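For the sequence shown, position 312 (counting from the first letter as 1) is numbered 342 according to my numbering, and the numbering increases by one without interruption.
Quick reminder that beta carbons are idealized off the backbone N, C-alpha and C, glycines included.
Because the structure is a prediction, the values reported are computed rather than measured.
See below for the structure under consideration.
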Amino acid sequence: MTDETTGQTIEASVQTDETTGKSGFSRRNFLQLGAVAGAGVAVLSAQQMGVPYLSVRGLLSPDGAFDGASEALADTLFYTEVFPTSPLILAPFVDPLPVPKAARPTQVSEFAYWKKTPGPGMGQQNSLGNERHQMWAPPGAAPVDPIVYKLDVVVNTHAFTTSPVLPIDIKGKPTVSFDSTGKTYAAGTQRTLPPSTVYAFNGTFPGPMINAEYGKPVLVRFENHLDENPLGLDRQDFGAPDWSFLTHLHNGHTAPESDGNPHYSMKHGPNAHGYAPGMFVDNLYLNWPAGNDDREKQSFFWFHDHRMDHTGANVYKGMVGLYPIYDPKEYVAGQGMYDGGDERQGLRLPGVRTNNSDGSFDVAYDIPLAFYDCRLDDGVTTHQDMHDSMGEFPLAKNPAKHPEWWGKTFFKHFPNHGFVGDIFTVNGTAYPTLEVKRRKYRFRFLDCSVARIYEFKLMSSTKGPKAANTLGLSGSELQGQYRIPDGQQCMKFTQIASDGGLLPFPITRDSFELWPAKRREFIVDFTKYQDGSPTTKGDVIYLTNVMKMPDGRMWSNSSRFSPDPNYKVPVLKFVIGDIAEDNSQIPKAMRPIPPLPSNWQSMMDNRLIFEVQRGSAGGEIEWMINGKPFEPETVATSLKNKAGLTPLAQQKKDSFNLWEIRNGGGGWVHPFHLHMEEHRVVMRNNKDVTNPEPGHPEDASREDLVALDPSESTVVYRGFRDFVGPYVAHCHNLAHEDHAMMFGWEITP
Ligand SMILES: [Cu+2]
31 MTDETTGQTI
41 EASVQTDETT
51 GKSGFSRRNF
61 LQLGAVAGAG
71 VAVLSAQQMG
81 VPYLSVRGLL
91 SPDGAFDGAS
101 EALADTLFYT
111 EVFPTSPLIL
121 APFVDPLPVP
131 KAARPTQVSE
141 FAYWKKTPGP
151 GMGQQNSLGN
161 ERHQMWAPPG
171 AAPVDPIVYK
181 LDVVVNTHAF
191 TTSPVLPIDI
201 KGKPTVSFDS
211 TGKTYAAGTQ
221 RTLPPSTVYA
231 FNGTFPGPMI
241 NAEYGKPVLV
251 RFENHLDENP
261 LGLDRQDFGA
271 PDWSFLTHLH
281 NGHTAPESDG
291 NPHYSMKHGP
301 NAHGYAPGMF
311 VDNLYLNWPA
321 GNDDREKQSF
331 FWFHDHRMDH
341 TGANVYKGMV
351 GLYPIYDPKE
361 YVAGQGMYDG
371 GDERQGLRLP
381 GVRTNNSDGS
391 FDVAYDIPLA
401 FYDCRLDDGV
411 TTHQDMHDSM
421 GEFPLAKNPA
431 KHPEWWGKTF
441 FKHFPNHGFV
451 GDIFTVNGTA
461 YPTLEVKRRK
471 YRFRFLDCSV
481 ARIYEFKLMS
491 STKGPKAANT
501 LGLSGSELQG
511 QYRIPDGQQC
521 MKFTQIASDG
531 GLLPFPITRD
541 SFELWPAKRR
551 EFIVDFTKYQ
561 DGSPTTKGDV
571 IYLTNVMKMP
581 DGRMWSNSSR
591 FSPDPNYKVP
601 VLKFVIGDIA
611 EDNSQIPKAM
621 RPIPPLPSNW
631 QSMMDNRLIF
641 EVQRGSAGGE
651 IEWMINGKPF
661 EPETVATSLK
671 NKAGLTPLAQ
681 QKKDSFNLWE
691 IRNGGGGWVH
701 PFHLHMEEHR
711 VVMRNNKDVT
721 NPEPGHPEDA
731 SREDLVALDP
741 SESTVVYRGF
751 RDFVGPYVAH
761 CHNLAHEDHA
771 MMFGWEITP
């Protein structure tokens, strides 16, 4: 096999234990058959089973027969909800928070010599030579070549902590542990964790941070080197088994060929689930707002894998990168860059910019925080799930125990209730510490977890963190490992941005929720507490998670719903340092929101309706939209709307429409993400919310992800501008997405 970019020969050892053909015999068909064979019983839908049967078996549930029943059936027939308990990290809040530096672009002197150079011509968009960039430069703009980055997807190692650990069991008691040779260590033995195997952009987790600017297009060459494994690492039993990838910049205003979505990839480009080892794709990010409307500018993207059926596994395996985007435009003469990373100019948001000689730049006091929860193998929990009969990971011989993987990341592809971890990490480090100056900071929060939702508060604690097991807690109460029993809120957040970029005006918050894939940006002023008293050097403030979410279904306790005053899990420790110059301000007003058309309500009758719900299509396929699992080559159909129509999810280029996203119930929550353009929520549970309610202040902003509470319905107004082709919308609980809660839609010329 030849490396497409450099022309060098690389090791050819790709396993082909999964169909990668255009559609072929899909994993899903196989799964349905496999489930029947594996379980040794006929798989019937809940309706086929019939309510009496369910009733007899005690499987009727108060939250709706269908959901409760299918779940109970699943529990009975297919699933084991057993997870390992991660070893206890004994020295939390010692490792420093990794603060990402800007990735450095590839200079023309280098990429000019690539065997296949980036460019606008036919065949130049990927190594297959079958695609071109739909638009090489923003319309109307002087043609400018993009800044080029090269990110290799590689196998590497990652350590979540340097702390010694104490192996504990589900009761919180010391237990045995193992090493890679299978040797057993007695209960009570402190250990050092082995590094976990990651699939990662340029080998780091989180991957590189690209600091982008509106008006300066970026082209990223993503190249697959996952077949090389120079360190000879054990790949374990998760991650796309064909080692393909598909990178999505969430939620860039991007042409389909650069969008990394499976509706596109199965019909064009790779004509497969993703780009295989040895292949590259050039994703072109024009850094240009929808409709060339400055009000559509955003501020914080991230890029992650989107390979169909294995997105959760690949993201959990490390395929996460950061992409803050700045706006250097001068809107008011003399005020300078509006949001250019320089707190002396424009909005004067916190940030001190340093320009590097290669065109990149770093911004101090402007820090992304990527939250990711994981579980580490205890060596005694059986690896067992619906995938075991599929031959995806033959070497693992699952169901089996894997003492040789003790202390490395553990993943279950499709746990019945979704996947949540018990160790919380920030920027790849468990329970880190950041020494902050006495001044204002800008923090860009990102939830890159598979399913966990967080709710954060800023708290002080006199006595400090206590290990949950030493407080007599066990089971799911051990999640997060530490508590601050005496924690008290001490500061507020000033929210300045959501998924859709800068808000029209700042919002002061005591706490905020962070759902999977969502971004929220905040200013935190470390000079004083909320009561006005000054901070002093050495003071400690904990960023604390107060949402208890024992499994992937939803939270059990949060501020909005049955708060648990004892659930205060510190995830990041701030230590106040010296005073520092601060030229930043908290603005009174920021990005105005584009106006709604005055006739938007007249569009209600013919809106497109998508209902997300748990159901049963056989086997593990139970996450559906409008009653159907994802069909990657098909454009979805709306449920019947008030006009009596069931329109295709097909929109004319440069049009706008209303889409309703409805949670079909069953007591689940779904973070529902729509690719391509951010939207604005106009109706929530049949109420006009264009004047936002207190519970949802961000309805006054634009977002790319609808956070659907149980049985909640939202109507969003959205545009379909500038590009044509296939996109997707899907649940961003990645366990749901990978099990078919996704649909294809299209923009037509
Ligand atoms: Cu979901």
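CA-to-CA distance, residue j to residue i, given in whole angstroms
i: Gly308; j: Arg621; result: 43 Å
i: Glu690; j: Ile200; result: 42 Å
i: Gly774; j: Leu377; result: 39 Å
i: Tyr356; j: Gly371; result: 7 Å
i: Met772; j: His703; result: 9 Å
i: His762; j: Gly364; result: 42 Å
i: Ile177; j: Ser668; result: 40 Å
i: Asn629; j: Tyr747; result: 12 Å
i: Met165; j: Gly245; result: 14 Å
i: Gly475; j: Pro701; result: Note on residue identity: the sequence assigns Phe, not Gly, to residue 475. About 16 Å.
i: Tyr215; j: Ala343; result: 29 Å
i: Val736; j: His705; result: 12 Å
i: Val410; j: Tyr353; result: 39 Å
i: Thr566; j: Val554; result: 15 Å
i: Asn241; j: Asn656; result: 39 Å
Near ligand 1: residue i beta-carbon under 7 Å from a heavy atom
i: His766; result: yes
i: His700; result: yes
i: Asn446; result: no
i: Asn763; result: yes
i: Asp620; result: For the record, residue 620 in the displayed sequence is Met; it is not Asp. Incorrect: Met620 has no Cβ contact closer than 7 Å to ligand 1.
i: Met771; result: yes
Three-state secondary structure (DSSP) of residue i
i: Met654; result: strand
i: Val410; result: coil
i: Glu243; result: strand
i: Val356; result: In the sequence as displayed, the identity of residue 356 is Tyr instead of Val. Three-state DSSP puts Tyr356 in a strand.
i: Trp630; result: helix
i: Leu764; result: helix
i: Glu34; result: Summary for Glu34: the model assigns pLDDT 44, below 50, so the residue's position carries little reliability; its value from the coordinates is reported in the next sentence. Residue state, collapsed to three classes: coil.
i: Arg325; result: helix
i: Trp775; result: strand
i: Glu101; result: Note on Glu101: pLDDT 47, under 50, position unreliable in the model; no value is reported.
i: Met489; result: strand
i: Phe141; result: helix
i: Ser685; result: strand
i: Val788; result: With the chain covering 31 to 779 only, the question about residue 788 has no answer from this structure.
i: Tyr395; result: coil
i: Trp545; result: coil
i: Ser743; result: strand
i: Ala426; result: helix
i: Asn313; result: strand
i: Asn575; result: strand
i: Thr341; result: helix
Residue i, buried or exposed, once every other Cβ within 10 Å from all chains shown has been counted against 16
i: Phe591; result: exposed
i: Asp581; result: buried
i: His726; result: exposed
i: Asn716; result: exposed
i: Gly299; result: buried
i: Leu118; result: buried
i: Val138; result: exposed
i: Pro169; result: exposed
i: Val362; result: exposed
i: Lys683; result: exposed
i: Thr227; result: buried
i: Gly262; result: exposed
i: Pro779; result: exposed
i: Ile609; result: exposed
i: Gln615; result: exposed
Residue-chain proximity (residue i, chain B), Cβ-Cβ < 8 Å
i: Arg469; result: Within the model displayed, chain B is absent; a lone protein chain is all it includes.
- Which full runs of the beta strand (DSSP E) of 3+ residues lie inside the stretch 144–206, going along the chain? 177–188, 194–196
Within the stretch 215–300, ranges of the alpha helix (DSSP H) (whole runs, at least 4 residues):
292–295
| request: May I have a chain-ordered list of the beta strand (DSSP E) segments no shorter than 3 residues that lie completely inside the stretch 689–722? | output: 700–704, 709–714
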